[in-house]
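Scroll down for the structure; my scribbles are underneath it.
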Amino acid sequence: MFEQMMQRLFDEFPAETSGGGYPVDIREEDGHLIVDAEMPGFKPDEIDVSVADDMLTIRAERSAETPKGRPHLQERQFTRVQRSFRLPSAVDPDSVDAKLEGGVLHLDMKESESERVRKIEVQ
203 MFEQMMQRLF DEFPAETSGG GYPVDIREED GHLIVDAEMP GFKPDEIDVS
253 VADDMLTIRA ERSAETPKGR PHLQERQFTR VQRSFRLPSA VDPDSVDAKL
303 EGGVLHLDMK ESESERVRKI EVQ
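Per my numbering, residue 203 is the first one in the sequence shown, and the count goes up by one each step.
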């Protein structure tokens, strides 16, 4: 009886994970910023990536499928994660290439030409 009451309570108020997230690596390579973010269990249409100047935001949200039969334990009901990062330089938002492979989101972003440091020859 108690287990049924608790299950109903969790069904009405799904668990939520926010703020934190999965591990992320960011590196610079030949004028590009490369981001690898672990996104286990997410599908491409459940992930939202946005870039504005030097700020990258990765959001993902998914709901678990309703199981058939009577559940005995159901912890995977709802997941929402969001991470924001200040990048070491601004990027060209039109240059961002995003791929999800093997549970890892791979972003390749070209650094903005206007933000690159340029050596000026003094005459």
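Glycine is no exception: its CB is placed at the ideal position from the N, C-alpha and C atoms.
Is residue i buried or exposed, if buried means 16 or more other CB atoms sit within 10 Å of its CB?
{"i": "glutamate 267", "result": "exposed"}
{"i": "glutamate 218", "result": "Caution applies to glutamate 218, whose pLDDT of 40 falls short of 50 and renders its modelled position unreliable; the value that the coordinates give is listed next. Label assigned to glutamate 218: exposed."}
{"i": "leucine 235", "result": "buried"}
{"i": "leucine 275", "result": "exposed"}
{"i": "glutamate 254", "result": "Glutamate is not the amino acid found at residue 254; the sequence shown has alanine there. Exposed."}
Rounded to the nearest angstrom, how far is the Cβ of residue i from that of residue j, given a contact under 8 Å?
{"i": "serine 314", "j": "valine 298", "result": "Actually they are not in contact, since the Cβ atoms of serine 314 and valine 298 sit about 11 Å apart, beyond 8 Å."}
{"i": "isoleucine 249", "j": "leucine 302", "result": "7 Å"}
{"i": "glutamate 230", "j": "proline 290", "result": "7 Å"}
{"i": "glycine 233", "j": "glutamine 284", "result": "About 28 Å separates the two Cβ atoms, so there is no contact after all."}
For residue i, which of the options has the nearest alpha-carbon?
{"i": "serine 286", "options": "Arg264, Thr259 and Glu303", "result": "Thr259"}
{"i": "leucine 262", "options": "Gly305, Met241 and Lys270", "result": "Per the sequence presented here, residue 262 reads as alanine, with leucine not at that position. Selected option, being the one with the closest Cα: Met241."}
{"i": "phenylalanine 244", "options": "Pro269, Ser265 and His274", "result": "Ser265"}
{"i": "aspartate 256", "options": "Asp238, Gly223 and Pro295", "result": "Pro295"}
{"i": "serine 252", "options": "Arg288, Gly305, Val306 and Gly304", "result": "Arg288"}
{"i": "alanine 239", "options": "Gly271, Ile228, Pro246 and Pro269", "result": "Ile228"}
{"i": "alanine 300", "options": "Gly271, Asp247 and Pro269", "result": "Asp247"}
>> Could you tell me which whole alpha helix (DSSP H) segments of length 4 or greater appear in the stretch 274-314?
In response: none
> Three or more beta-carbon pairs under 8 Å between the stretch 271-281 and the stretch 306-313, yes or no?
Replying inline: no
> What residue ranges within the stretch 222-276 form continuous beta strand (DSSP E) runs of no fewer than 3 residues, ordered along the chain?
Replying inline: 226-231, 234-240, 249-254 and 257-265
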